[in-house]
Amino acid sequence: MTFLLILTCLFCQIDEKQKELETLKTQLTAVRNEIKQLEKQKVGTLARIEKIDEGISLTISYIDQLTAQESREKERVAELTREIVRLENKMKVRKTDLQARLIRLYKWTPFYKLEIIFSSKSLPEILASSYYLQILARDDQKVFFEFKADWEKYLIDKKIREELIETLQARRDEKQSELTVLNDERLKKKKILDEVAKEESEKAKLEKELKSAQRKLEELIVELEKKRAKTVSGTNYLETNRGRLIWPCPGTVTTNFGKVIHPKYLTTTKNNGIDISTAYGQNVIAVAPGQVVYADRFIGYGNMVLLDHLDGYYSLYGHLSEILVEVGREIDEGRIIGRVGESGSLAGPMLHFELRKDGKPVDPIAYLK
26 MTFLLILTCL
36 FCQIDEKQKE
46 LETLKTQLTA
56 VRNEIKQLEK
66 QKVGTLARIE
76 KIDEGISLTI
86 SYIDQLTAQE
96 SREKERVAEL
106 TREIVRLENK
116 MKVRKTDLQA
126 RLIRLYKWTP
136 FYKLEIIFSS
146 KSLPEILASS
156 YYLQILARDD
166 QKVFFEFKAD
176 WEKYLIDKKI
186 REELIETLQA
196 RRDEKQSELT
206 VLNDERLKKK
216 KILDEVAKEE
226 SEKAKLEKEL
236 KSAQRKLEEL
246 IVELEKKRAK
256 TVSGTNYLET
266 NRGRLIWPCP
276 GTVTTNFGKV
286 IHPKYLTTTK
296 NNGIDISTAY
306 GQNVIAVAPG
316 QVVYADRFIG
326 YGNMVLLDHL
336 DGYYSLYGHL
346 SEILVEVGRE
356 IDEGRIIGRV
366 GESGSLAGPM
376 LHFELRKDGK
386 PVDPIAYLK
């Protein structure tokens, strides 16, 4: 019973995860089709990079889910293997017992009627013997049917295990195929950026697109400020703890606040925050208590989270590989809100971090300890 319960739970879990996997695969297919359309339309560099990054992010998620599904299926195969071995050992013992019972029954049957005819026992004694023999016969029948049930389950389990092993191999092949696609997507992004570095006209276009993305972000913050009721606490957490805020993630600051000339693309933009170079997948934490007011993709920033800290203060976390919070959620200082990635990034894995006061960017270094 315990094994059946465990196996049933595994089946339900795998089926549920398989549905999630299929949903993610549908999203991935749609994004890849959009990338092909954008390539044909010759749209701006930033828009193409953004869509490729979305494809990369979904591909990584899909590979992670394939790996998790593979792990669950391996566990299921292991459970089935243990149950098959248990049934084999049980049936081996029962087979010996059944053989002994059949031999005993074969030897005794011809003499049973003679005992009734020639026995000196009284009729009640003969009936009593017959009753006990019927009990033994029913017990033999029970043992036989239990053996039959075990045998049928054994055959079913073996078949399921064989099918699962085939599925596992298909899962490994698909994962390898997706890893190849992931590498191709990263090479495609690199090729686009290399072309930008060579062409002056493309550099100018990229610079224009980056500035446009910054303006759109400013417009978003202005809209958010309009929507929420104005509150003035007088002692805002960020001001009270100026110079003592925790860092959003460990790493090295590669781009400071202010005017920036990109060393490779020679584009001139104003960096409204700082860029922190760190390992892909590194946890990103909230630097102060606040409410999540944006948690989605944003052109130029990739996967982005925006926190409202009241009194016109906001913190922004961009280029995430994964967003782990939802809009509307109140979170504490130090809460993990996402993981470092390269979505929307022109220079590999990093965290783009900004602080805003009344919608205007301020230097985060002045607030961090």
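Residue numbers (our numbering): 26 to 394.
Positions of the beta carbon are idealized from the N, C-alpha and C atoms, including for glycine.
Every value quoted in this text rests on a predicted model; they were computed, and no experiment measured them.
Separation of residue j from residue i, as counted between CA atoms
i: R186; j: E100; result: 11 Å
i: Y137; j: M116; result: Since pLDDT at Y137 reaches only 47, below the 50 mark, its modelled position is unreliable, and the value read off the structure follows with that caveat. Looking at the two C-alpha atoms, the distance is approximately 30 Å.
i: R322; j: L193; result: 33 Å
i: N262; j: R381; result: Correcting the residue type first, residue 262 is Tyr in the shown sequence and not Asn. Near 13 Å, if we compare the C-alpha coordinates of R381 and Y262.
i: T84; j: P314; result: 32 Å
i: E41; j: L49; result: 13 Å
i: A195; j: E188; result: 11 Å
i: I181; j: K200; result: 28 Å
i: V110; j: E45; result: 33 Å
i: D219; j: G268; result: 39 Å
i: T280; j: A391; result: 15 Å
i: T51; j: E171; result: 46 Å
i: L53; j: G80; result: 6 Å
i: D388; j: F378; result: 10 Å
i: I310; j: K236; result: 27 Å
i: T277; j: E108; result: 53 Å
i: L204; j: I88; result: 7 Å
i: K394; j: W272; result: 7 Å
i: E113; j: R119; result: 10 Å
i: R73; j: Y326; result: 13 Å
i: I141; j: K167; result: Bear in mind that a pLDDT of 44 at I141, under 50, signals an unreliable position, so the number given afterwards is only what the model happens to contain. Whole-angstrom Cα-Cα distance: 26 Å.
i: G369; j: E248; result: 23 Å
i: N296; j: G69; result: 21 Å
i: Q43; j: R197; result: 15 Å
i: R364; j: A238; result: 22 Å
i: Q316; j: E358; result: 11 Å
i: K241; j: L63; result: 21 Å
i: E59; j: K65; result: 10 Å
i: G298; j: D383; result: 15 Å
Beta-carbon separation (whole angstroms), residue i vs residue j, contact threshold 8 Å
i: L376; j: Y342; result: 6 Å
i: I356; j: L71; result: Actually they are not in contact, since the Cβ atoms of I356 and L71 sit about 30 Å apart, beyond 8 Å.
i: V318; j: I362; result: At roughly 12 Å, the Cβ-Cβ gap does not stay under 8 Å, so V318 and I362 are not in contact.
i: S346; j: S82; result: 6 Å
i: G373; j: N328; result: At roughly 15 Å, the Cβ-Cβ gap does not stay under 8 Å, so G373 and N328 are not in contact.
i: K76; j: V56; result: 7 Å
Residue span of the beta strand (DSSP E) that contains residue i, given as start and end
i: E379; result: 375-382
i: E347; result: 338-348
i: L332; result: 327-333
i: Y319; result: 315-323
i: P386; result: 385-387
i: S370; result: It is not in any beta strand (DSSP E) - S370 carries neither H nor E in the DSSP assignment.
i: I310; result: 308-310
Extent of the continuous alpha helix (DSSP H) to which residue i belongs
i: T279; result: Counting along the chain, T279 falls outside any alpha helix (DSSP H), though it belongs to the beta strand (DSSP E) covering 277-280.
i: E358; result: It is not in any alpha helix (DSSP H) - E358 carries neither H nor E in the DSSP assignment.
i: Y262; result: 262-265
Any non-hydrogen atom of the ligand MN within 6 Å of residue i CB
i: E187; result: For the structure depicted, the ligand MN is absent and the ligand set is empty, with no information on it obtainable.
Practice task
Check whether the stretch 278-285 touches the stretch 232-243, taking contact to mean three or more Cβ pairs, one atom from each stretch, closer than 8 Å.
Solution key: no
Problem - Cβ contact check for the stretch 352-371 and the stretch 203-210: 3 or more pairs under 8 Å - result: no
Exercise for the section: State whether the stretch 299-307 contacts the stretch 328-335, with contact taken as three or more CB pairs (one from each stretch) at a distance under 8 Å. Expected result: no
Problem - beta strand (DSSP E) runs contained entirely in the stretch 55-87, provided each spans 3 or more residues - result: none
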